[in-house]
């Protein structure tokens, strides 16, 4: 049987367990030309999923009530009527929160479990890593010697952003919640400094001032809210702010907090630019190959925090927002 | 004697009349090599002046208490120890709110009263016009056929922004306060539509939706606040938002209103970029010449709203914020 998680209502605020319903259906079969069936091993859990649950116009249509919850995934082809895939291939795509997915193969691509563990392909070598790669290079336009500040720095995107900025010769400061994550950034990933925003002993403002003595040239924002607003006060002339996400705001039940310091953009002739990874599809392969090489050279580290069982989706999902995880959050569903 | 207006205190909120003190001093004399004395004819009144009165880090140092209030001006050289200027030359520069200014000539440049009336050189052919020119072309990067929305559209900057966008083949919609200004935009300046934000019969949201049926490609913002936040909901993919000013926020006594819809930048992969005209100094002449040609061809209209008497500075200045003026606000001080 195929266990799958169906969106059963639109959440208000942080989704509760009733937001989804677990159901069992028959394992799907490839009946039409071009179809493939993937036996899914790992499901990607990402903050963006929260946005897909709202019934608003966005960069992709919302998940409809009654549909399988959208998610990236990685698994193995068990049936194929598609010339591009053969049974036994390992593939990654938008398989959704379920154990078996049926599709026309669109958006799926082959991955190599010999080169990197499967979960890496939905992490550092998948959408989060590619988001970091194109975000910091194409939107952030980092240059050697610049100071890069990144929030959500211990997360799947932020940790890669910071490591790429180090590879490119920048001074890198990460903002994360808790001393464990901060130690991970400086001791394991080579960040120049880390700011624990949950530490009440100092303000984030003072901490940025201390750790970025030459100001901030590029701020990569995954969190929004107060941290974005504070970062705006420390940017340099011609700074670039990459708006990748706003995890602090996704479960708001009232309106999103706007950055009241946005006029710092004017004073500093700075740019705030939003990004969506889907725009870089034609260059995914190039980005993934580059990151694979950096991983092979030991310059780029990937960490996944893996939980097990599709039944545990809800309690795993909320870790995205409580921060109780380290690295890329993954659910093993096989 | 030289009447001059001295900043006597830092205002909180809208400046009151006691913010400045009128004093009379001797007419200055050029005693050192390089100095010039300018008999000032017209003083430029601009929203940015409000920002210069706050004791905060910004793109230029604040005006100090006891200093002559900073302002752009245009007048005639009456004494010169500077090779670049001779007595009788008409010049524009940062002469401040006074009748005679002494300087080393830095930042002053000659203007031609035969080609355009003197007040034009602190309006459409001066900083406001150049701000519009470089803002909409270099930051807004308008392309033929795009929809351009501009706030503060009947003002010194906004009116030029809209006209340049029309010259470049865009659909142009202006936002202004009051039916007189809106009629001016559509009847005299050739805007495709105008939105009266003071008209309670419709919302600005609905009005933008109606007048920009294909969405907004470039939004040029002079006002900030609710109008910026509403405009963010109607932008197209890859839209550019030019942050030129935020007149609705300059007299706030509590914090600036941040745009709570800023995540529209992410959804639409859009860019919000601040600008300061000082960055384009090397290209001022090119911009002014181009605009002079457009004026000569009748494609670009310039309107100044001229008040008289340095004694009336305060009551004229507050018109910037009440909106009781049409076109570029100028004070004749000769």
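Residue numbers (the numbering used here), protein chains in the order written: chain A, 1 to 334; chain B, 335 to 668.
We put the CB at the ideal spot given by N, CA and C, even for glycine.
Nothing here was measured: the structure is a model prediction, and the numbers come from that model.
Which of the residues in the stretch 564-594 of chain B, read from start to end, lie with their CB under 8 Å from any CB of chain A?
-> Correct list: 577, 578, 579, 580, 583, 589, 590, 591, 592, 593, 594.
Cross-strand partners of residue 615 (chain B) (DSSP beta bridge) | Answer is none; residue 615 (chain B) lacks a bridge partner.
Contact list for residue 608 (chain B) against chain A, beta-carbon separation under 9 Å | Here the neighbours are 262, 263, 264, 265, 266, 267, 268, 269, 270, 271, 272.
Which first and last residues belong to the alpha helix (DSSP H) in which residue 465 (chain B) is found?
-> Its alpha helix (DSSP H) spans residues 461-468.
Residue interval of the beta strand (DSSP E) (run including residue 14 (chain A)) = From DSSP, residue 14 (chain A) is part of no beta strand (DSSP E); its letter is neither H nor E.
Name, in chain order, the residues that DSSP records as bridge partners for residue 411 (chain B).
-> Beta-bridge partners assigned by DSSP to residue 411 (chain B): B:372.
For residue 59 (chain A), go through chain B and note every residue whose CB falls closer than 9 Å to its CB, in chain order.
-> For residue 59 (chain A), the chain B residues whose C-beta falls within less than 9 Å of its own C-beta are 571, 600, 601, 602, 603, listed in chain order.
Taking the continuous alpha helix (DSSP H) assigned at residue 437 (chain B), which residues delimit it?
-> Looking at the DSSP string, residue 437 (chain B) is not in any alpha helix (DSSP H); the run it does join, the beta strand (DSSP E), is 434-437.
Can you tell me whether DSSP reads residue 153 (chain A) as helix, strand or coil?
-> Assigned with DSSP and collapsed to three states, residue 153 (chain A) falls in coil, not helix or strand.
C-beta contact flag for residue 554 (chain B) and residue 482 (chain B) at 8 Å = With contacts defined as CB atoms closer than 8 Å, residue 554 (chain B) and residue 482 (chain B) qualify as a contacting pair.
When Cβ atoms are compared, which residues of the stretch 273-307 of chain A fall closer than 8 Å to chain B?
-> From the stretch 273-307 of chain A, only 273, 274, 275, 276, 279 have a Cβ closer than 8 Å to chain B.
Residues in its own chain within less than 8 Å of residue 139 (chain A) by CB, not counting five upstream and five downstream?
-> 240, 242, 273, 275.
How long is the line joining the alpha carbons of residue 453 (chain B) and residue 445 (chain B), rounded to whole angstroms?
-> Taking the straight line from one Cα to the other gives about 11 Å.
Does the beta-carbon distance from residue 585 (chain B) to residue 404 (chain B) come in below 8 Å?
-> No, they are not a contact pair.
Backbone CA spacing between residue 213 (chain A) and residue 153 (chain A) [nearest angstrom] | Those two C-alpha atoms are separated by around 19 Å.
So what's residue 52 (chain A) in DSSP terms, helix, strand or just coil?
-> The answer is helix: DSSP assigns residue 52 (chain A) an H, G or I state.
Measure the alpha-carbon distance for residue 285 (chain A) versus residue 318 (chain A) and round it to whole angstroms.
-> Residue 285 (chain A) and residue 318 (chain A) have their C-alpha atoms roughly 31 Å apart.
Exposed or buried, which one is residue 304 (chain A) when buried takes at least 16 other CB atoms within 10 Å?
-> Buried, since its Cβ has 16 or more Cβ neighbours within 10 Å.
Could you tell me the distance, in whole angstroms, from the CA atom of residue 12 (chain A) to the CA atom of residue 570 (chain B)?
-> Spanning the two alpha carbons is a distance of roughly 27 Å.
Apart from the five residues just before and just after residue 522 (chain B), which ones in its own chain have a Cβ nearer than 7 Å to its Cβ?
-> These residues qualify, in order along the chain: 635.
Would you mind working out which of A:183, A:24, A:156 sits nearest residue 311 (chain A), comparing C-alpha positions?
-> With distances taken between Cα atoms, residue 311 (chain A) lies closest to A:24.
Would the beta-carbon of residue 527 (chain B) fall within 8 Å of that of residue 520 (chain B)?
-> In contact: residue 527 (chain B) and residue 520 (chain B) (Cβ atoms closer than 8 Å).
In chain order, what residues of the same chain lie with their CB nearer than 8 Å to the CB of residue 406 (chain B), ignoring the 5 residues before and after it?
-> In the same chain as residue 406 (chain B), and ignoring 5 residues on each side of it, the C-beta atoms closer than 8 Å to its own belong to 377, 378, 380, 426, 427, 428, 429, 456, 460, 461, in chain order.
Going straight from the alpha carbon of residue 7 (chain A) to that of residue 54 (chain A), what length do you get?
-> Distance between the alpha carbons of residue 7 (chain A) and residue 54 (chain A) is about 11 Å.
Local Cβ density within 10 Å of residue 480 (chain B), reported as buried at 16 or more and exposed below that = A residue is called buried once 16 or more other Cβ atoms fall within 10 Å of its Cβ, and residue 480 (chain B) is buried on that count.
Distance CB(residue 85 (chain A))-CB(residue 105 (chain A)) smaller than 8 Å = It is a contact, given that the beta carbons lie within the stated cut-off.
Using the beta-carbon count (16 or more within 10 Å), is residue 322 (chain A) buried or exposed?
-> Looking at its Cβ environment, which holds fewer than 16 other Cβ atoms inside 10 Å, residue 322 (chain A) is exposed.
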